[in-house]
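Notes for the one structure printed next.
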Amino acid sequence: MADSMTTSQRTSATPVLEAKEIVKLYNDDVPSKEIVRAVDNASFQVEDNEFVSILGPSGCGKTTLLHIFAGLTKPTEGQVLYNGEPIQSPSTDRAVVFQHFNLFPWRTVLSNITFGLEMTDHPEEEQQRRGEKYIEMVGLEGFESHYPHELSGGMQQRVGLARALAVDPTVLLMDEPFGALDAQTRRVMQTELLQIWEKSRKTILFITHDIGEALLLSDKILVMGNDPSRIKERIDVPFERPRYGHNIKEDQEFVELKRDIWDTMQGDTGEDVI
Amino acid sequence: MGYHAGRYWGGCYMSQQSVTNRDIIRRDFLSHRRVQQLIVWGSLLLLWEIAGRSVGDFFLAPFSATVVAFIDLYTSGVILEPLFSSLQQLVVGFLLALGVSLPLGMAIGRSEIIKKSFEPYISFMFVTSVSSMLPLLIIIFGTRLQFRTAVVFLFCVFHMLLTFQAGVEDIDRELIQTGHAYEAGGTAMFRHVIFPASLPMIITGVRLGIGRAFKGMVLAELWILAGVGELLNAYQLYQQIDYLLAVILTLMILAIFSVKSLYWLEETVAPWRGAIEE
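Residue numbers (the working numbering), protein chains in the order written: chain A, 1 to 274; chain B, 1001 to 1278.
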């Protein structure tokens, strides 16, 4: 299924991100342990300005896939390309927003946001300017000199998002960024991400296990299974943008799509539909 | 529980208010930290005074006599020279130990290869009693400053090293990953991620090391009769228990002061520490 998908999607322009038959094994060099197939033969492309979600149950290797694109880990087999070039190492061209925020507790909000700029040797005034710009974008004015532990989870992830946006990346890699937040904060953050995305139209690869979240945010959803960890289905999300400002989740089509995806995912895990 | 219940009932029943209010004041007074400390220390000093007076100066000088001796030690200047000499070797030995253990401990914490090559020796030295090596050290270094410095060094170097190593090993892997994701290279990674992340444990190690350094200092000096150790030995010989206790008091005050100031330093440079440990 994964193979037919790539052939049908082949376009003349080079995709921003491309996975070519990626396999990722863990413990393959430890004889005493059982080999874990975290990703099994995944192939797909992410086009420029596209919002693509990888949707799957926990433990299906979707975070591994994101780390491979980030350059934080290497695939065992296959190729990952960024603008047609193999990905060798991490780069702020592909900025990561982490599930557990991963803010540096000894840095203030502002200096957490400018961390990437500091590492890539941007001049101080530029750091200051962009830091202020993105603090405003994520609505954290007044919290510049607070420390992360003084902020709520939602605010911490705003800092995480601002840190990623501040390096002006081509691609945002988001690893279940709202997974650790409560339901209400998650909804607010989803809406704000949509608003920010409308403005900047970055290419986004978004990892989630939440079907509704994937449908609400993305142009394209790749449904991953658990055993084996393959991409089972590719869905083009038909809803018009902008998608905030009205309750899209109550649309008949939304509900039907959600149920279809749910069925696909259930068929895989073998659990009963509740 | 009782405290809260008292407050609650006091609010509810007007007729009982006068009784419960007094109760609350008494409890509030006793629950104050300073008051508790005062009671604990006061009774300890009182016990000391009573015990000292009942067994006599020959065995245990009372608290009041110790205070008098303590003041005399400083006004006469008897303690100043030995104390200065002791602290000098303490500082030199401690700084040498810090200079070795900080880079080595962090390197061991970061690199599997360095860990494999050093760990056996360090674990071996860590469990070995440094005191048992003192006769050997006297043969090697003689009884000059090198010996005292070496003892202080050996007393604190392994504890600090293992704490620094643990500090680096315990760094949240996700923070290092975040550093990588935002292009922090070797030096920047160390400066902006690894060092600040292990800073709380580094301060803990230094605190531990200072406590150990004081122990090593006194032990070495008791062996070769130098500095404060010589003073302690002399007061013991001449049965001047009040002066003996006054010297011990000096050492305690110095050790407590150093450790406390490190707590303060920690709160100043790493106010976020509590948040990490939660």
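In this text, a Cβ means the ideal position worked out from N, Cα and C, and glycines have one as well.
L1265(B) is classed as exposed because its beta carbon has fewer than 16 other beta carbons within 10 Å across all chains shown. Distance from the CA atom of K33(A) to the CA atom of V23(A), rounded to whole angstroms, is 18 Å. The Cβ of T1128(B) sits no closer than 9 Å to any Cβ of chain A.
Judged by DSSP in its simplified three-state form, F51(A) adopts strand.
In terms of Cβ geometry, A164(A) and A95(A) form a close pair [threshold 9 Å]. Between D175(A) and F98(A), the C-beta spacing is below 9 Å.
Relative to the Cα of L1104(B), the nearest Cα in the group F1094(B), V1091(B), G1093(B) and F1118(B) belongs to F1118(B). Residues of the same chain with a CB within less than 8 Å of the CB of M155(A), apart from the 5 flanking positions on each side, are L140 and F143 in chain order. Of all alpha-carbon atoms in T185(A), H146(A) and V80(A), the one lying nearest the alpha-carbon of P15(A) is that of V80(A). E18(A) has its alpha-carbon roughly 17 Å from the corresponding atom of L55(A). For I87(A), the three-state secondary structure derived from DSSP is coil. For I1079(B), there is no enclosing alpha helix (DSSP H), as DSSP gives it neither H nor E. Contiguous beta strand (DSSP E) elements confined to the segment 21-72 of chain A occur at 36-46 and 51-55, taking only those with 3 or more residues. If you draw a straight line from the Cα of E1221(B) to the Cα of F1141(B), it is about 14 Å long. Residue burial is scored here from C-beta neighbours: A1051(B) has fewer than 16 other C-beta atoms within 10 angstroms and is therefore classed as exposed. Nearest C-alpha to T64(A) among F51(A), V36(A) and Q45(A): V36(A). Around F178(A), the same chain offers R186 and M189 as residues with beta carbons nearer than 6 Å, after the five sequence neighbours per side are excluded. Nearest to A70(A) by C-alpha distance, out of P105(A), S200(A) and T92(A), is T92(A). Minimum Cα-Cα distance from L217(A) among the listed residues I231(A), P242(A), F104(A) and P31(A) corresponds to P242(A). As a beta-bridge residue in DSSP terms, R94(A) pairs with V171(A).
Taking 9 Å as the cut-off, the Cβ atoms of V39(A) and G61(A) count as close. Y82(A) sits in a strand when the DSSP states are folded into three classes.
In the DSSP annotation of this structure, M224(A) is not part of any alpha helix (DSSP H); the continuous beta strand (DSSP E) holding it starts and ends at K220 to M224.
Secondary structure of D236(A) (DSSP, three-state): strand. Under the 9 Å criterion on CB atoms, V167(A) is classed as interfacial with respect to chain B. In the structure shown, the three-state DSSP call for E125(A) is helix. Excluding the 5 residues flanking it on each side, L1134(B) has same chain C-beta neighbours closer than 8 Å at V1151, L1219, A1220 and W1223, in chain order.
Contacts between H122(A) and chain B, judged by CB atoms closer than 9 Å, are missing: the closest CB pair is about 11 Å apart. Nearest C-alpha to L117(A) among E136(A), L66(A) and P169(A): P169(A). By the Cβ test, the segment 1173-1191 of chain B is not in contact with the segment 1121-1130 of chain B, since fewer than three Cβ pairs between them sit closer than 8 Å. E85(A) has its alpha-carbon roughly 17 Å from the corresponding atom of L172(A). The three-state secondary structure of E144(A), taken from DSSP, is coil. With 16 or more other Cβ atoms from the protein chains shown falling within 10 Å of its own Cβ, I1203(B) counts as buried.
Within chain A, the residues whose beta carbon sits less than 7 Å from that of T1178(B) are F98 and N102, listed in sequence order.
Looking at the backbone, the Cα of L1199(B) and that of L1208(B) are separated by about 14 Å. Cβ atoms of N27(A) and R230(A) stay farther apart than 8 Å, at about 19 Å.
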